[in-house]
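Numbered according to this note's numbering, the sequence shown spans residues 1 to 497. Where is the CB? At the ideal position from N, CA and C, for every residue including glycine. The structure presented is a predicted model; accordingly, all values stated were derived computationally and were not measured. Here is the structure we will look at.
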Amino acid sequence: MTDNPVVLRARGIDKSYGGVHALADADLEIRAGEVHCLAGANGSGKSTLIKILSGVEAPDRGEIEIAGTVTSKLSVVGSISHGIQVIYQDLSLFPNLTVAENVAMTTRVAGRARIISITAARELTLTVMKRLELDIDPDALLEELSVAQRQLVAICRAIANDVRVLFMDEPTTALTWNEVGTLFQVVSALKADGVAIVFVSHKTEEVFALSDRITVLRNGKVVAVGGVAEFDRDSLVEALIGRQELEERIVSSDVHDSPVLEVNSISAPGLFAEISFTAHAGEIIGLTGLMGSGRSEVADAIFGIIPFTSGRVAVDGHDIRSGDVASAISAGIAYVPSDRLTQGIFLDQAISRNLVASSISSLANKLGWLRPKAIRAGVDKLIDELSLKVGSPDDPVSSLSGGNQQRVVIGKWLATNPRVLVLNGPTVGVDIGSKAAILQILREKAAQGITVLLISDDVPELVSVCHRVLVVRRGRLVDEIASQNVTVEAVRERSIA
Ligand SMILES: Nc1ncnc2c1ncn2[C@@H]1O[C@H](COP(=O)(O)OP(=O)(O)OP(=O)(O)O)[C@@H](O)[C@H]1O
Ligand SMILES: [Mg+2]
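Structure, rendered in structure tokens:
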């Protein structure tokens, strides 16, 4: 791998946004046919570096070498013509167009042919899919596809453009491990063709399974670079956050006998059937299963986003009306949805506003007046607890890095004091240091007597905090792993069987 020719090189890149020094003298070297992991904590500058190498942002200083030419700034069209393609954190596809139209879209934008016929688009799509051994209907509308399929469409679009360097900014956050398998196959097919793949991931297992080489960024600086064999889990974590982080199982024995959340044989046709469990005060219950198993829909139903047609859900003995979010909220349920960037946040509003959006009533005095000092203190405390990397709390959420945006949504719900806290994939896209911080906050919430329902497919995370783990398969609750049996091996084995 180290003998392969360098296809793209960045040297001494600097970039600031106002007072935030996003990149400081950063170097990156990409070789043909390698899988290169760009690693780093939230806000360390990974997405910024990718934007600079794809011509979306201009660096303040530094140079970029591509195909033997050196430049101080790439244009978007220039980078595409050099074979650089990017799959962004948000995919940037068009939901109301078909698969084929999406795949052919940027080949048209790049200007090779002014107009592409539907037939040509379909043929191009089929050729690309064949190369990657994929089978997605080119005529399907994108909005009809799963997130995993959309991801693959984004890759097809990149490949339709004679890609030489493919950047994937957190390609697997929305996928579960079986879909990640398909992505891995696609990556090896591309690699065999000499395409360089640069990917961002916060999952260490994945980094080791995929990468040939790793570059680690911390606070905008490159702190480590080398072949994958030069790292192990501990040294990678140390490079990422400057310290070790253990994923120990720490669960309190302090669960009360009193039932808080009672889910009694609820069904929603086509989604899940006869789901029953009882969660107690101070208990953290994990709900896991493959994507499509119904685990997310069960959570949605508990919070009233999806109606259940039979059965009942109660908090402290009071029934919640099916399909009624207001009734779930007044019963004391808070919900952190999985699709946080569209459901949970106001991107163009201030970080501070977003953080207090859900807890506003507790910050008002008896007359309903808001107390600015209390709000400010609450915001500062959350920023500190979640180690949010912010310039000022008054900046818009859109100025934050992807992982810091996620943490704002989680922080907003952690600031409330519900009876039941339901979280769907709360640490997806969050780096390893702040993941530990979020899990610790969940333990503290439970210690205050709150009942926590954690929907996740991150096995080490479930094992680290959950008293019990429930497994959903094809819409049914098929297994319950009791506290004394909760281990990484047991949960992994029983949730995929
Ligand atoms: N448009 C912008 N305006 C202001 N600050 C920005 C902007 N874009 C990025 N930043 C800041 O630059 C820093 C690096 O952000 P970047 O998005 O590159 O991080 P990242 O490594 O991709 O993190 P994550 O893992 O959370 O996605 C962050 O502190 C971020 O707040
Ligand atoms: Mg990012």
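Thinking C-alpha only, which one of the options is nearest residue i?
i	options	result
I266	V187, D232, E144, S322	S322
A377	P396, L355, V397	L355
T98	S464, L142, A67, L132	L142
P5	L23, I13, I30	I30
D232	I197, F208, I66	F208
I432	T204, I285, G18	T204
V128	S92, L190, V165, E297	L190
F277	W413, C156, R468	R468
V228	L290, R249, E206, K221	E206
I345	A326, L462, V163, G411	G411
S79	S92, I64, Y88, L93	I64
D479	D394, S495, S464, T487	S495
V486	V186, S387, V251, V70	V251
E385	I375, D394, L414	L414
D193	P138, E248, V223, A32	A32
T416	I375, A239, L400	I375
R213	N96, K221, V225	V225
I52	V187, H36, L74	L74
N96	T125, L477, A281, R150	R150
E283	V465, V223, L477	V465
P269	R249, I306, E248	I306
L132	T309, E248, V186	V186
S503	P171, T215, L217	There is simply no residue 503 to check, as the chain begins at 1 and stops at 497 in what is shown.
Any heavy atom of ligand 2 closer than 7 Å to the Cβ of residue i?
i	result
D431	no
S401	yes
D169	yes
K46	yes
Mind checking if residue i is an interface residue toward chain C, Cβ cutoff 8 Å exclusive?
i	result
V491	Here chain C cannot be found, since the structure has a single protein chain.
What separation, rounded to the nearest whole angstrom, lies between the Cα atoms of residue i and residue j?
i	j	result
Q244	L236	9 Å
A10	L38	13 Å
Q405	D348	11 Å
G391	G40	19 Å
F303	V195	45 Å
S16	I481	49 Å
G294	G475	5 Å
P259	S398	40 Å
N219	G402	15 Å
L246	L442	16 Å
V109	A158	For V109, the predicted structure reports a pLDDT of 48, less than 50, and the residue's modelled location is therefore unreliable. The matter cannot be settled from this model.
A334	I450	11 Å
K46	M291	27 Å
L23	L439	29 Å
L183	S146	14 Å
G332	F199	40 Å
V409	K373	22 Å
A299	E274	14 Å
F167	L28	13 Å
D257	E493	29 Å
V459	V472	14 Å
G55	V77	8 Å
E49	E238	The amino acid at residue 49 is misidentified as Glu; the sequence shows Leu. Their Cα atoms are separated by approximately 22 Å.
V163	G19	35 Å
L222	D25	Looking at the sequence itself, residue 222 is Val, so the reference to Leu does not match. One C-alpha to the other measures close to 8 Å.
Would the beta-carbon of residue i be found less than 7 Å away from any heavy atom of ligand 1?
i	result
K389	yes
N42	yes
Y17	yes
V20	yes
N404	yes
(request) Examine the Cβ distances between the stretch 410-423 and the stretch 59-66 and report whether three or more of them are shorter than 8 Å. (result) Segments in contact, no.
(message) For a minimum of 3 consecutive residues, which ranges assigned as the beta strand (DSSP E) are wholly contained in the stretch 411-457?
(response) List check, beta strand (DSSP E) in window: 420-424, 451-455.
(request) Determine, using beta-carbon pairs with one atom in the stretch 117-126 and one in the stretch 95-104, whether at least three such pairs fall under 8 Å. (result) The answer is yes - the stretch 95-104 touches the stretch 117-126, with three or more Cβ pairs under 8 Å.
(message) Report the start-end ranges of each alpha helix (DSSP H) in the stretch 36-97 that is 4 residues or longer and not cut off at the edges.
(response) The stretch 36-97 contains these whole alpha helix (DSSP H) runs: 46-53, 76-81.
(request) Kindly provide the ranges of any alpha helix (DSSP H) runs that are 4 or more residues long and lie completely inside the stretch 200-257, ordered along the chain. (result) Listed in chain order, they are 204-210, 233-241.
(message) Ignoring anything shorter than 4 residues, give me the alpha helix (DSSP H) runs that lie fully in the stretch 268-317, in order along the chain.
(response) Runs of the alpha helix (DSSP H) inside the stretch 268-317: 295-302.
(message) Extract the residue ranges of the beta strand (DSSP E) inside the stretch 131-177, only unbroken runs of 3 or more that lie entirely within it.
(response) Runs of the beta strand (DSSP E) inside the stretch 131-177: 165-169.
(request) Specify whether the stretch 307-318 and the stretch 261-277 touch according to this definition: at least 3 beta carbon pairs, one from each stretch, less than 8 Å apart. (result) Taking a contact to require three or more Cβ pairs closer than 8 Å, the stretch 307-318 and the stretch 261-277 qualify as touching.
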